[in-house]
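Accompanying notes for the structure given below.
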Amino acid sequence: MGDSTNRILQRLIRRIPYQMLQTMFGKWAHLSREDLHSLDFTQPKWVLTEHLLALCEEKGLTVKHITELEMIYIIENPNQGMWHGFQLLDAEEDAPSIELTQFKEQFKANLTELISHVSIKIKKHTDEAIWIRVAWGDNFTKPYHLKPTYVVHHLQTPYVFVTGVTSKHKPLLNQALVLATRYGSMKDAHLSGRNLTAIRDLLMRQYQQVFPTKHPKPLQEKNPVPRNPNIEKEQAENTENRLQMACEAFGDGTLPQMQKAVYKLETKFRDNSNKTLTGREEPFRGVVEFASTNLLESLRHCVSSGMASTPVTPLLSSITQKGRNYFVITDKGV
Amino acid sequence: MSLLKPFSKLPGLNTANILLVENEEQFQQKLADTVVLQEKTVNVNVRLARSLPLPMENEESRPRIDLVVFIIHLTSELSFQSAETSLKYLDPGYFQGKVCFLVTNARNVSVPPERLVSVRKLAASLHCPLLCAEDQTTEGVTTAAHRLLAILKVAAGLVPMATGLYLSTLTRCTVPSDIDQQNFE
């Protein structure tokens, strides 16, 4: 194995936490049972890495096999790095009937046509998602495996999730994806986050939604707390209404874990007490950022507890209704 | 204006009713549970509200409220403002010993001292007692419940020889004249 291959393997092992190593190797097809037994998982990691390097050298494993291990690790732990959502537009007639082999061939062909030196690996996960790993090179150098791009696409949906792509390679990736999926174009969905499952659930509306009803009934609690007959709430209807509106805007149960919502303001300054800034022609540029460990949960609590006024402002509810977390607000609207 | 009136309904036998008004609706639930558990001899009913005025639909079923407690969290300006606006919906008869102010986070360093001063001035101008409570621990909640029960029983007329008005002259909040010059050097 070459020097660079050794380095890639070392970096990868360093990245994988010790507890997960054994399961990862188990899933990797290139180490047999005897090999796994021969590796001692009680030793310090660097000793284990040395043994592994020797083992791989013996078996003549190449970069291709190591990247498989990396892909297995990333598929198991997708919630690292920054994922960005994209939406495909203008479906052509045969877009809904694309199937896996066709997509794979088309994508590989397109991308290798655009850049000759790329390393592409496509894998279909159990939950119908296609994972693509791309390592980029250019016309003169071999693909650089230490900064790969990962793409997740669910066939028959117009959504694509990408992480780790530079602005240089983004148009090439876009073009290859658009051609392979038989759509007209791809646009930025303005949705990004660290948690892939969260942004996927948000964009594809896979969380528990609450729909407005004509005959509002209070949301039934799953384990109703036995109410003390001596304690009575005076404004219970208001509380129920607020909870209903909060859940309509943001969903019920466990919500996708978003971390940030960014609102970029390009509106004119409007505060009569400040004479220097009001009345200027050019817009007042500002950025409002909401950050939290679980943003949607916090916003839902704000609304249901009355901190935010109801009905829920469309600025906040568009996070879930439109599935985005980056908004540019101008005077004409969002 | 729909004022809450203190003497428009008949009292129940061996019953005391307390109304807890709190904008955030957090502390009142804990307090309500503790109050109901602590009191064994008297039948205590707790009504919880976010602000006044109270909804008209409950007018019939609502018993006579003996004590109205305004819970103000000093960490939030909104809490104080909401309590102030709710005061307008109380009949003046309540201010003779049937209203009490309860503040939390009075010892909190991040709270601006002016807020406590304004609450004290408000309580003093209305001749009402001002209690400080600690809402994060169970002992704090129990202590607050205990003190509220003591005032409630007097306000409901269940303590012989004591009336709400009498008690309030002893417990009402006073503001020293130099409170605005107070500093902690």
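One line per chain: the protein sequences are A and B, in this order.
Position 124 of the first sequence, counted from 1, bears residue number 124 in the UniProt record's numbering, the numbering being contiguous throughout.
Position 104 of the second sequence, counted from 1, bears residue number 104 in the UniProt record's numbering, the numbering being contiguous throughout.
For glycine and all other residues, C-beta sits at the position ideal for the given N, C-alpha and C.
Just so you know, these numbers come straight off a predicted model, no measurement behind them.
Inset, instruction - Please state if the CB of B:PRO63 and the CB of B:ASN14 are separated by a distance shorter than 8 angstroms. - result: Position 14 of the second sequence, counted from the start, is the residue given in the question as residue 14 of chain B. Position 63 of the second sequence, counted from the start, is the residue given in the question as residue 63 of chain B. Going by C-beta atoms, B:ASN14 is not nearer than 8 angstroms to B:PRO63.
Legend entry - Secondary structure of A:GLY184, DSSP reduced to three states: Counted from its first residue, the first sequence places residue 184 of chain A at position 184. A:GLY184 falls in the strand class under three-state DSSP.
Inset, instruction - Helix, strand or coil for A:GLY85, going by three-state DSSP, please let me know. - result: The residue given as residue 85 of chain A occupies position 85 in the first sequence. Here A:GLY85 sits in strand by DSSP.
Legend entry - Selected residue, minimal CA-CA separation from A:LYS264, among A:ASN325, A:GLY253 and A:ARG205: Counted from its first residue, the first sequence places residue 264 of chain A at position 264. Ranking the options by Cα distance to A:LYS264, first place goes to A:ASN325.
Inset, instruction - Just the C-alpha distance for B:GLU134 and B:ALA144, rounded to the nearest angstrom, thanks. - result: For the purposes of this step, residue 134 of chain B is identified with residue 134 of the second sequence, where counting begins at 1. For the purposes of this step, residue 144 of chain B is identified with residue 144 of the second sequence, where counting begins at 1. Cα-Cα distance, rounded: 8 angstroms.
Legend entry - Whole-Å CB distance - B:VAL141 paired with B:LYS30, under 8 angstroms assumed: Within the second sequence, numbered from 1, the residue matching residue 141 of chain B stands at position 141. Within the second sequence, numbered from 1, the residue matching residue 30 of chain B stands at position 30. B:VAL141 to B:LYS30, Cβ: 5 angstroms. Contact.
Legend entry - Nearest candidate by alpha-carbon position, reference A:ASP331, set A:VAL303, A:SER292 and A:PRO283: Position 331 of the first sequence, counting from 1, holds the residue named residue 331 of chain A. If we check each option's Cα against that of A:ASP331, A:PRO283 comes out closest.
Legend entry - Proximal residues of chain A, C-beta to C-beta of B:LEU167 below 9 angstroms: Mapped onto the second sequence, residue 167 of chain B falls at position 167. Those within 9 angstroms of B:LEU167 in chain A number zero; the least Cβ separation is about 23 angstroms.
Inset, instruction - With B:SER61 as the anchor, note down where its alpha helix (DSSP H) starts and where it stops. - result: Within the second sequence, the letter at position 61 stands for residue 61 of chain B. Counting along the chain, B:SER61 falls outside any alpha helix (DSSP H), and DSSP gives it neither H nor E.
Legend entry - Proximal residues of chain B, C-beta to C-beta of A:ASN241 below 7 angstroms: Your numbering for residue 241 of chain A matches position 241 in the first sequence. Within 7 angstroms of the CB of A:ASN241, no CB atom of chain B is found; the nearest one sits about 12 angstroms away.
Legend entry - Exposure label - residue 339 of chain A; buried when at least 16 CB within 10 Å: Nothing about residue 339 of chain A can be reported from this structure: the residues present for chain A run from 1 to 334 only.
Inset, instruction - Compute the distance between the beta-carbons of A:MET186 and A:VAL151, then report whether it is under 8 angstroms. - result: Your numbering for residue 186 of chain A matches position 186 in the first sequence. Your numbering for residue 151 of chain A matches position 151 in the first sequence. No.
Legend entry - Beta bridge counterpart(s) of B:ALA133 as assigned by DSSP: Locating residue 133 of chain B in the second sequence gives position 133, counting from the first residue. Residue pairing from DSSP places B:ALA133 in a beta bridge opposite B:THR104.
Legend entry - Reduced DSSP category for A:TRP28 - H, G, I as helix; E, B as strand; rest coil: Counting from 1 along the first sequence, the entry for residue 28 of chain A is found at position 28. Three-state DSSP puts A:TRP28 in coil, outside helix and strand.
Legend entry - Within 7 angstroms of chain A by C-beta, residues of the region 36-59 of chain B in sequence order: Those residues of the region 36-59 of chain B that come within reach of chain A (Cβ to Cβ, closer than 7 angstroms) are VAL36, VAL44, ASN45, VAL46, ARG47, LEU48, ALA49, ARG50, LEU54, PRO55 and ASN58.
Legend entry - Exposed unless 16 or more other CB atoms sit within 10 angstroms - verdict on A:VAL118: Residue 118 of chain A sits at position 118 when you count from the first residue of the first sequence. The residue is buried, with at least 16 neighbouring Cβ atoms inside 10 Å.
Legend entry - Under 8 angstroms between C-beta atoms of A:PRO143 and A:TYR183: Locating residue 143 of chain A in the first sequence gives position 143, where the first residue counts as 1. Locating residue 183 of chain A in the first sequence gives position 183, where the first residue counts as 1. Going by C-beta atoms, A:PRO143 is not nearer than 8 angstroms to A:TYR183.
Inset, instruction - Can you tell me which of B:VAL111, B:PHE7 and B:ARG50 puts its alpha carbon nearest to the alpha carbon of B:LEU155? - result: Here residue 155 of chain B corresponds to residue number 155 of the second sequence, with the count starting at 1. The sequence shown places Ala at residue 155 of chain B, rather than the Leu named in the question. Ranking B:VAL111, B:PHE7 and B:ARG50 by Cα distance to B:ALA155 puts B:PHE7 first.
Inset, instruction - Could you please tell me which residues of the region 231-255 of chain A, in chain order, have their CB closer than 8 angstroms to any CB of chain B? - result: ILE231, GLU232, LYS233, GLU234, GLN235, GLU237, ASN238 and THR239
Legend entry - Beta carbon of B:ILE65 nearer than 8 angstroms to that of B:PHE101: Your numbering for residue 65 of chain B matches position 65 in the second sequence. Your numbering for residue 101 of chain B matches position 101 in the second sequence. By the CB criterion at 8 angstroms, B:ILE65 and B:PHE101 fall outside the cutoff.
Inset, instruction - Report the residue ranges of all beta strand (DSSP E) runs contained in full by the region 45-69 of chain A; include only those spanning at least 3 residues, in chain order. - result: none
Legend entry - A:SER119, enclosing beta strand (DSSP E) - first and last residue: Mapped onto the first sequence, residue 119 of chain A falls at position 119. Element bounds for A:SER119: 118-124.
Legend entry - Rounded C-alpha distance that separates A:LEU243 from B:ASN108: Translated into positions along the first sequence, residue 243 of chain A becomes position 243. Translated into positions along the second sequence, residue 108 of chain B becomes position 108. Near 31 angstroms, if we compare the C-alpha coordinates of B:ASN108 and A:LEU243.
Legend entry - Neighbour flag for A:ASN228 against chain B, beta carbons, 8 angstroms: In the first sequence, the residue the question calls residue 228 of chain A occupies position 228. For A:ASN228, the answer is yes, since a Cβ of chain B falls inside 8 angstroms of its Cβ.
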